[in-house]
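**Q**
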Amino acid sequence: MSWLADARSDLAAERILDAAGALFVERGVDRPGMDEVARAAGCSRATLYRYFENRNALVHAFAHREARQITAQVARATADLAEPRRRIVEAVLACLAAVRERPHLQPWYAGDSTLLREVLRDSPLIRGTAEAYLADGAEDPDLADWVLRVILSFLTNPGGDESERRLLERFLLVPLVR
24 MSWLADARSD LAAERILDAA GALFVERGVD RPGMDEVARA AGCSRATLYR
74 YFENRNALVH AFAHREARQI TAQVARATAD LAEPRRRIVE AVLACLAAVR
124 ERPHLQPWYA GDSTLLREVL RDSPLIRGTA EAYLADGAED PDLADWVLRV
174 ILSFLTNPGG DESERRLLER FLLVPLVR
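My numbering numbers the first residue of the sequence shown as 24 and each following residue consecutively.
In structure tokens form, the structure reads like this:
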């Protein structure tokens with residue numbers, strides 16, 4: 024396959040993921056089916072299934088694309104922070120801000136959607152990213168799981184930026200990060 028074909032394939036997958044994201048905003052994360060996504064993307068069901076074998080694969084691909092973008096944004100926001108404790112708190116706050124500023128992600132953590140919890144729990148990409156980011160800041164191997172839970176908690180039950188910062192510093196830094 025030529026590089027041009029790869030570029031077209033990537034573009035088609037992105038277009039499908041964009042259409043899925045728009046449907047998530049319009050109808051919620053749990054509702055849109057593959058037929059609806061194909062129509063919104065302007066492709067056939069066969070084309071959709073060529074890129075995503077089922078709805079679960081589509082949902083995970085969408086989440087992974089967003090996670091990669093958010094991870095890059097968090098890395099830029101914390102690049103100059105050498106002290107691990109400060110870096111972890113700022114990374115969580117930057118992650119929360121990055122997720123909240125993306126309107127197409129709001130349905131993932133609003134209401135009773137369980138997909139965000141499932142993706143956080145099941146995604147090797149997201150878990151691996153959290154583990155790698157936290158590796159030099161803590162000795163506890165379960166810290167990544169707890170940080171992901173904290174992020175989910177703040178997304179589903181938001182406080183103000185300053186109250187979130189104080190809670191993170193008080194309950195995350197002191198007991199978990201040495």
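Virtual Cβ for every residue (Gly too), placed ideally from N, Cα, C.
1. Count the C-beta pairs between the stretch 48-57 and the stretch 123-139 that are closer than 8 Å, then say yes if the count reaches three, no if not.
2. Taking the beta carbon of Gly56 as the centre, do at least 16 other beta carbons fall within 10 Å, making it buried, or is it exposed?
3. Out of Pro181, Ala43, Arg54 and Asn77, point me to the one whose CA is closest to Arg123's CA.
4. Within 10 angstroms of its Cβ, does Thr137 collect 16 or more other Cβ (buried), or is it exposed?
5. Could you pull out every residue in the same chain whose Cβ sits closer than 7 Å to the Cβ of Cys118, ignoring the five residues on either side in sequence?
6. Quick check on DSSP: helix, strand or coil for Asn79?
7. Tell me whether the beta-carbon of Leu190 lies closer than 8 Å to the beta-carbon of Val115.
8. With hydrogens ignored, establish whether the beta-carbon of Tyr74 is closer than 7 Å to any heavy atom of the ligand MG.
9. How many whole angstroms separate the CB atoms of His87 and Leu148, which I take to be in contact at a CB cut-off of 8 Å?
**A** In brief:
1. yes
2. exposed
3. Pro181
4. exposed
5. Ile93, Val97 and Ile174
6. Correct three-state label for Asn79: helix.
7. no
8. What this structure holds is no ligand at all, so the ligand MG is not there to describe.
9. 5 Å
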